[in-house]
Amino acid sequence: MLSFAENTFSVKNNMKSFFKEDPSFVLNTNCLNFCEHQTKFSVRNWFETHGKKGRKVPRGNVGTVFSRFETPSNVKITVIGGGSFGTAMSKVFGMKGYQVCLLVRDRNIVDGINQERRNPKYLREFTLPHSVFVSPFFCNCSGFNFMYSKATSNVESALEGTQLVVHALPVQVSREVLERVAPFIPTGVPVLSTSKGLEVASHKFMFELLQETVSNHGNRRPLAFLSGPSFAKEIMQELPTAVVVACENLEIAGQIAAMLSSSIFKVFTTTDFIGVEVAGALKNIIAIAAGMAEGMGLGMNAIAGLVTRGCSEMRRVAEFLGGSSVTLSGLSGVGDTFLTCFGPLSRNRTVGYRLGKGESLNEILTTSQEVAEGVATAKAVVEWLPAVLNTTYTRALVRFPILLSVAPILEGKLTPEEGMQQLMAMPPTVED
258 MLSFAENTFS
268 VKNNMKSFFK
278 EDPSFVLNTN
288 CLNFCEHQTK
298 FSVRNWFETH
308 GKKGRKVPRG
318 NVGTVFSRFE
328 TPSNVKITVI
338 GGGSFGTAMS
348 KVFGMKGYQV
358 CLLVRDRNIV
368 DGINQERRNP
378 KYLREFTLPH
388 SVFVSPFFCN
398 CSGFNFMYSK
408 ATSNVESALE
418 GTQLVVHALP
428 VQVSREVLER
438 VAPFIPTGVP
448 VLSTSKGLEV
458 ASHKFMFELL
468 QETVSNHGNR
478 RPLAFLSGPS
488 FAKEIMQELP
498 TAVVVACENL
508 EIAGQIAAML
518 SSSIFKVFTT
528 TDFIGVEVAG
538 ALKNIIAIAA
548 GMAEGMGLGM
558 NAIAGLVTRG
568 CSEMRRVAEF
578 LGGSSVTLSG
588 LSGVGDTFLT
598 CFGPLSRNRT
608 VGYRLGKGES
618 LNEILTTSQE
628 VAEGVATAKA
638 VVEWLPAVLN
648 TTYTRALVRF
658 PILLSVAPIL
668 EGKLTPEEGM
678 QQLMAMPPTV
688 ED
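Residue numbering for the sequence shown follows my numbering, beginning at 258 and increasing consecutively.
What follows is the structure, encoded as structure tokens:
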């Protein structure tokens with residue numbers, strides 16, 4: 258549930274448990290089951306109403322309050338998506354002793370994890386804890402066959418008793434899947450999203466998609482967002498990793514952080530989910546640009562300058578929409594951007610690098626196993642950003658030349674060399 262500027266929610270003082278009671282698992286919750294002045298949120302209508310005024314985060318007792326998790330083995334967590342990051346998140350929770358149910362799209366993954374404790378398609382060199390399980394149930398969504406939960410024949414059984422839902426699917430397939438599973442997620446159960454990007458069809462971020470699918474029709478559930486410099490492979494290798502969880506209610510963010518945190522996985526918290534979401538989407542575009550510069554052999558001066566100015570553009574977009582500059586200078590901002598732009602495991606950087614080497618986008622995508630979200634996001638931003646700024650593409654290009662120059666290269670309207678020449682030809686301006 259979201260509160261922006263004067264449009265805040267009021268809560269009745271009645272208590273309700275979000276989770277099934279268990280003798281060894283005590284969870285006290287304060288349920289927000291009555292909201293006044295509840296309106297559907299989007300970046301656009303919020304900005305039109307409130308302009309550049311900062312968000313007012315409620316300081317009262319709002320939402321779910323987890324009191325303690327005495328026995329994680331009694332807590333069921335459902336992870337939607339059996340790709341690299343969904344697999345990595347399953348391991349993080351599984352290592353803490355939680356029961357993890359993976360919802361995946363491939364029967365081979367189901368058999369591989371259940372029989373050999375390995376995901377045969379993604380990160381197959383690593384084993385998963387025995388508390389992670391999957392079994393088949395099929396649901397056709399835009400060509401994706403999703404399999405649900407152990408010994409179940411329907412989605413309802415798969416999600417019954419789930420106490421946290423983790424969404425780890427590419428943004429472009431998220432809406433249809435979320436609409437399919439939403440009716441079966443127990444009332445009030447939080448949803449934690451790890452997806453980053455902008456939906457091409459609607460030009461909406463993940464927090465908007467989640468509000469329209471799993472947190473609507475009177476079922477206003479807590480929504481949280483995880484981001485930060487976190488390659489899935491390094492998580493699976495149990496190398497030290499630091500991320501941030503954003504939720505409007507800081508208590509909920511803190512409790513999710515406690516569930517995730519370990520000696521190798523450090524989790525910070527924030528209420529600025531707008532900043533986290535904007536940075537998570539736009540940094541992928543910057544990474545493609547940085548990869549192109551590297552592929553063209555332009556040197557570290559050019560790459561460092563490109564990334565720095567890209568971060569400046571990203572910060573200005575986030576602040577314009579109500580995000581905080583603190584967030585943009587933190588783990589989900591420059592931290593994730595640096596990893597994505599310079600890390601050898603970055604999918605978006607790899608796309609850019611191969612473009613810089615002269616390959617076509619079609620060649621790159623047809624030979625890539627995983628999704629580079631920056632490709633779709635770059636194309637969506639060309640339409641979305643000028644509309645949000647209430648200006649033309651040409652005028653927006655002057656203020657955001659990096660974010661808006663990648664899509665024409667992806668679409669073949671410019672070569673990487675022409676794109677760089679266009680950037681270098683921009684008139685001198687004051688650094689901001």
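Beta carbons: idealized from backbone N, C-alpha and C, even for Gly.
Owing to the predicted nature of the structure, the values given are computational and were not obtained by experimental measurement.
How would you write the range of the beta strand (DSSP E) that residue i sits in, first residue to last?
| i | result |
| --- | --- |
| Leu-455 | That residue, Leu-455, is in no beta strand (DSSP E); it is neither H nor E in DSSP. |
| Ala-637 | Run containing Ala-637: none in the beta strand (DSSP E); it sits in the alpha helix (DSSP H), 630-646. |
| Phe-522 | 522-527 |
| Lys-540 | Lys-540 -> not in any beta strand (DSSP E); alpha helix (DSSP H) instead, spanning 530-552. |
| Ile-334 | 333-337 |
| Leu-254 | Look at the range of the chain in this structure, 258 to 689, and you will see that residue 254 is not part of it. |
| Gln-372 | Where Gln-372 is concerned, there is no enclosing beta strand (DSSP E), although the alpha helix (DSSP H) it sits in stretches over 364-373. |
For residue i, which option in the options has the closest C-alpha, if you only look at C-alpha atoms?
| i | options | result |
| --- | --- | --- |
| Ala-629 | Gly-615, Met-681, Ala-575, Gly-548 | Gly-548 |
| Glu-436 | His-460, Arg-374, Ala-635, Glu-469 | Glu-469 |
| Leu-667 | Val-434, Gly-609, Thr-686, Gln-626 | Gly-609 |
| Phe-350 | Ser-388, Gly-339, Thr-526, Leu-578 | Ser-388 |
| Leu-612 | Ser-603, Pro-673, Gly-485 | Pro-673 |
| Val-502 | Lys-490, Gly-485, Ala-489, Lys-378 | Gly-485 |
| Arg-656 | Gly-532, Phe-577, Ser-459 | Phe-577 |
| Leu-588 | Ala-536, Ile-370, Lys-636, Thr-651 | Ala-536 |
| Glu-640 | Leu-480, Ser-459, Thr-526, Gly-669 | Ser-459 |
| Leu-517 | Tyr-355, Cys-598, Pro-684, Thr-686 | Tyr-355 |
| Cys-382 | Leu-661, Glu-534, Glu-491, Glu-627 | According to the sequence shown, residue 382 is Glu rather than Cys. Closest by alpha carbon: Glu-491. |
Note down the Cα distance separating residue i from residue j, rounded to an integer number of angstroms.
| i | j | result |
| --- | --- | --- |
| Ser-341 | Met-493 | 9 Å |
| Thr-384 | Ser-347 | 11 Å |
| Val-457 | Ala-538 | 12 Å |
| Lys-461 | Ser-431 | 12 Å |
| Asp-363 | Val-423 | 18 Å |
| Thr-409 | Cys-358 | Here the model assigns Thr-409 a pLDDT of 30, short of 50, so the residue's position is not dependable and the matter cannot be decided. |
| Arg-572 | Ala-515 | 28 Å |
| Gly-676 | Thr-648 | 22 Å |
| Ile-596 | Ser-487 | What sits at residue 596 in the sequence shown is Leu, not Ile. Each residue's Cα considered, the two are about 8 Å apart. |
| Leu-380 | Gly-338 | 14 Å |
| Ala-575 | Asp-368 | 43 Å |
| Asn-541 | Leu-622 | 15 Å |
| Glu-433 | Pro-440 | 13 Å |
| Ala-644 | Thr-651 | 12 Å |
| Val-500 | Ser-582 | 17 Å |
| Ser-520 | Thr-498 | 9 Å |
| Gly-511 | Val-428 | 25 Å |
| Phe-276 | Met-681 | Note on Phe-276: pLDDT 33, under 50, position unreliable in the model; no value is reported. |
| Lys-636 | Glu-413 | 36 Å |
| Gly-400 | Met-683 | Residue confidence for Gly-400 is low, a pLDDT of 45 falling below 50, so the modelled location carries little weight; the figure read from the coordinates is stated next. C-alpha separation (whole angstroms): 43 Å. |
| Gly-552 | Val-332 | 47 Å |
| Asn-476 | Phe-525 | 27 Å |
| Pro-377 | Met-557 | 37 Å |
| Leu-507 | Gln-678 | 45 Å |
| Phe-598 | Val-591 | Note that residue 598 is Cys in the sequence shown, not Phe. Straight-line Cα distance between these residues: approximately 10 Å. |
| Arg-614 | Leu-555 | First, the residue type needs correcting, since residue 614 is Lys and not Arg in the sequence shown. Cα-Cα distance, rounded: 12 Å. |
| Gly-562 | Glu-620 | 28 Å |
| Asp-689 | Glu-465 | 29 Å |
| Thr-444 | Arg-478 | 7 Å |
| Cys-504 | Val-687 | 35 Å |
| Lys-453 | Ser-569 | 19 Å |
| His-294 | Pro-685 | Bear in mind that the predicted position of His-294 carries a pLDDT of just 33, short of 50, making it unreliable; the figure below should be weighed with that in mind. Rounded to the nearest angstrom, the two C-alpha atoms are 47 Å apart. |
| Val-314 | Ile-370 | Bear in mind that the predicted position of Val-314 carries a pLDDT of just 40, short of 50, making it unreliable; the figure below should be weighed with that in mind. Each residue's alpha carbon lies about 41 Å from the other. |
| Gly-631 | Thr-607 | 11 Å |
| Met-690 | Pro-386 | Outside the displayed range of the chain (258 to 689) lies residue 690, so it cannot be described from this structure. |
State yes or no: is the C-beta of residue i within less than 8 Å of the C-beta of residue j?
| i | j | result |
| --- | --- | --- |
| Val-638 | Ala-546 | no |
| Leu-496 | Thr-451 | no |
| Arg-566 | Ile-442 | no |
| Ile-366 | Pro-447 | no |
| Ile-334 | Leu-421 | yes |
| Gly-600 | Gly-532 | no |
| Ala-544 | Ser-603 | yes |
| Thr-344 | Ala-550 | no |
| Leu-455 | Thr-634 | yes |
| Asp-529 | Thr-584 | yes |
| Leu-416 | Val-438 | yes |
| Ala-559 | Ile-513 | no |
May I ask which residues mark the beginning and end of the alpha helix (DSSP H) holding residue i?
| i | result |
| --- | --- |
| Gln-678 | 673-681 |
| Leu-421 | Leu-421 -> not in any alpha helix (DSSP H); beta strand (DSSP E) instead, spanning 419-424. |
| Ile-659 | 658-667 |
| Ser-347 | 341-352 |
| Ser-431 | 431-438 |
Scan the region 465-524 and note each continuous beta strand (DSSP E) run of 3 residues or more that stays entirely inside, going in chain order.
480-484, 498-504
What alpha helix (DSSP H) runs, 4 residues minimum, are completely inside the region 569-626?
582-585, 593-599, 604-613, 618-623
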